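K.L.:
Sequential numbering from 760 applies to the sequence shown in the numbering used here.
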Amino acid sequence: MRPRHRRAAQSDHQDHGSSEVRDPGERLPDPVISKAFTARLARGQAALVPYVTAGYPERGSTLGVMEALADAGADVIELGVPFSDPLADGPTIQHASFVSIGKGMTVHGVLDDLASFRARRDTPVVLFTYLNPLLRYGLTAFLRDAVAAGAHGLLVTDLPTGSDPQIEAEITASPLDLIRLVAPTTPVERVPEVAKGGSGFLYYISRMGVTGTRTELRTELAAEVGRIRAAVELPVAVGFGISSPEQAAAVAAVADGVVVGSAIIQALDRGGAAEAGRFLASLRKQMDG
760 MRPRHRRAAQ SDHQDHGSSE VRDPGERLPD PVISKAFTAR LARGQAALVP
810 YVTAGYPERG STLGVMEALA DAGADVIELG VPFSDPLADG PTIQHASFVS
860 IGKGMTVHGV LDDLASFRAR RDTPVVLFTY LNPLLRYGLT AFLRDAVAAG
910 AHGLLVTDLP TGSDPQIEAE ITASPLDLIR LVAPTTPVER VPEVAKGGSG
960 FLYYISRMGV TGTRTELRTE LAAEVGRIRA AVELPVAVGF GISSPEQAAA
1010 VAAVADGVVV GSAIIQALDR GGAAEAGRFL ASLRKQMDG
């Protein structure tokens, strides 16, 4: 694995050489997520970020699944808020959302499960959601309750940079990192603007379309990730389609983090939390090998 000399390792929330003066009353995100990436990068390794849908496969299984992932080497966990119209997700995660909702999972339930996990583990958690559940809950109340439950970050799939400045401003004023997405179609010159509106890490979608596993990675991925890493100070994590230890290792060689979602759900289907933990451990071993 090539050396990782990242300026972001100092702090994602310092504007080095910038004349911009922050509002003294502005609240900055807790840099727990940044520190998780920094710890891995300092060892020449990539961070591992698994995704799991809250309330799947059973209403009461979230805590056990999250603990298994944390114990297997997760640096950050993405906890999905189930939604009835998950357009950005492929069939595997859509199915998980529908099952979870059908078994009674709610946003309040997700936060309760997160609080239970936080009482037992300190692994940073990013809440992965669509905008609709946040607005139905009440954005101000959601941000308050998410922080109280132990969340460190928020990824809103259908909130592109600049799409709703008022909502974005309220999120970025909270203690939560706002995780931003960039895609192969995002012009390189726009990437710094996207990154500026976020913190924690930048999530690069490795291919267009919905989530889901793939048998091989795109040959252009390394060059694309290299251009993005050169344009921003945030760590860059890559997701969408990673389904095997070999793919995870290939991504880890060029990116700062590896995000795995559908393959974790499939592991849960094969053998519950224990199998999800074994699968994640196999990714961690190959990435660090």
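Every residue, glycine too, gets a C-beta built ideally from N, C-alpha and C.
Please read all numbers here as calculations on a predicted model, not as lab measurements.
Where I1001 and A1008 are concerned, what is the direct C-alpha to C-alpha distance, given to the nearest angstrom?
P.N.:
Roughly 10 Å separates the two Cα atoms.
K.L.:
Under 8 Å between the Cβ atoms of P994 and L800?
P.N.:
A contact, by the Cβ cut-off of 8 Å.
K.L.:
Are at least three pairs of beta-carbons, each pair with one atom in the segment 881-897 and one in the segment 914-924, less than 8 Å apart?
P.N.:
Cβ pair count under 8 Å is three or more, so yes.
K.L.:
Check the DSSP bridge columns for Y889 and list the partner residues they point to.
P.N.:
According to DSSP, which records beta bridges pairwise, Y889 is partnered with nothing at all.
K.L.:
Going along the chain, which residues of its own chain have a beta-carbon closer than 6 Å to the beta-carbon of R765, five neighbours each way excluded?
P.N.:
Residue placement at R765 is flagged as unreliable, the pLDDT there being 46, under the threshold of 50; the coordinate-derived value follows with that caveat. For R765, where only same-chain residues beyond five positions count, the Cβ hits under 6 Å are L800.
K.L.:
Please classify D844 as buried or exposed, where buried requires at least 16 neighbouring CB atoms within 10 angstroms.
P.N.:
So D844 counts as exposed.
K.L.:
Check whether the Cβ atoms of S859 and G814 lie closer than 8 Å to each other.
P.N.:
Against a cut-off of 8 Å, the Cβ pair of G814 and S859 comes out as a contact.
K.L.:
Note down the Cα distance separating G1036 from G823, rounded to an integer number of angstroms.
P.N.:
Their backbone Cα atoms lie some 10 Å apart in a straight line.
K.L.:
Take L870 as the anchor and find which of V885, P1004, I938 and G957 has the nearest alpha-carbon.
P.N.:
The shortest Cα separation from L870 among V885, P1004, I938 and G957 belongs to V885.
K.L.:
If we count the other Cβ atoms within 10 Å of its Cβ and call it buried at 16 or more, is R939 buried or exposed?
P.N.:
Classification for R939: buried.
K.L.:
Please report the Cβ distance between P809 and V1019, rounded to the nearest whole angstrom; I am assuming they are in contact, meaning their Cβ atoms lie under 8 Å.
P.N.:
Yes, they are in contact, since the Cβ atoms of P809 and V1019 sit about 5 Å apart, within 8 Å.
K.L.:
Using DSSP's beta-bridge definition, name the partner residues of E837.
P.N.:
For E837, which the question treats as bridged, DSSP gives the partners Y810 and V885.
K.L.:
For T797, which option in G959, A1012 and T978 has the closest C-alpha, if you only look at C-alpha atoms?
P.N.:
Comparing Cα-Cα distances from T797 to each of G959, A1012 and T978, the minimum goes to G959.
K.L.:
Taking the C-alpha atoms as reference points, what is the distance between T978 and S793?
P.N.:
Their backbone Cα atoms lie some 28 Å apart in a straight line.
K.L.:
Please say whether L873 and A908 have beta carbons closer to each other than 8 Å?
P.N.:
Yes. Within cutoff.
K.L.:
What are the start and end residues of each continuous beta strand (DSSP E) run of 3 or more residues lying completely inside the segment 957-1043, in chain order?
P.N.:
Listed in chain order, they are 961-964, 995-998 and 1016-1019.
K.L.:
Tell me the DSSP bridge mates of V869?
P.N.:
Its beta-bridge partners do not exist; DSSP assigns none.
K.L.:
Does DSSP classify D923 as helix, strand or coil?
P.N.:
The answer is coil: DSSP assigns D923 none of H, G, I, E or B.
K.L.:
Specify, as a first and last residue, the run of the beta strand (DSSP E) that R939 falls within.
P.N.:
Unbroken beta strand (DSSP E) run through R939: R939 to V941.
K.L.:
Buried or exposed for G839, going by 16 or more other Cβ atoms inside 10 Å?
P.N.:
G839 is buried by the Cβ-count criterion.
K.L.:
Going by CA-CA distance only, name the one from E983, A990 and S933 that's closest to E948.
P.N.:
With distances taken between Cα atoms, E948 lies closest to A990.
K.L.:
Whole angstroms is fine: what's the gap from D1015's alpha carbon to L961's?
P.N.:
Distance between the alpha carbons of D1015 and L961 is about 10 Å.
K.L.:
Nearest-angstrom Cα distance between R880 and P816?
P.N.:
Between R880 and P816, the C-alpha separation is close to 21 Å.
K.L.:
Please return the same chain residues whose Cβ sits closer than 8 Å to the Cβ of P1004, not counting the five positions on each side in sequence.
P.N.:
So the qualifying residues of the chain are S1041, L1042, K1044, Q1045 and M1046.
K.L.:
Can you name the start and end residues of the alpha helix (DSSP H) that G823 belongs to?
P.N.:
Segment T821 to D830, the alpha helix (DSSP H) holding G823.
K.L.:
Cβ atoms of I964 and G912: under 8 Å apart, would you say?
P.N.:
Not in contact: G912 and I964 (Cβ atoms no closer than 8 Å).
K.L.:
Do L1039 and G861 come within 8 Å of each other at the CB atom, strictly closer than that value?
P.N.:
Not a contact, by the Cβ cut-off of 8 Å.
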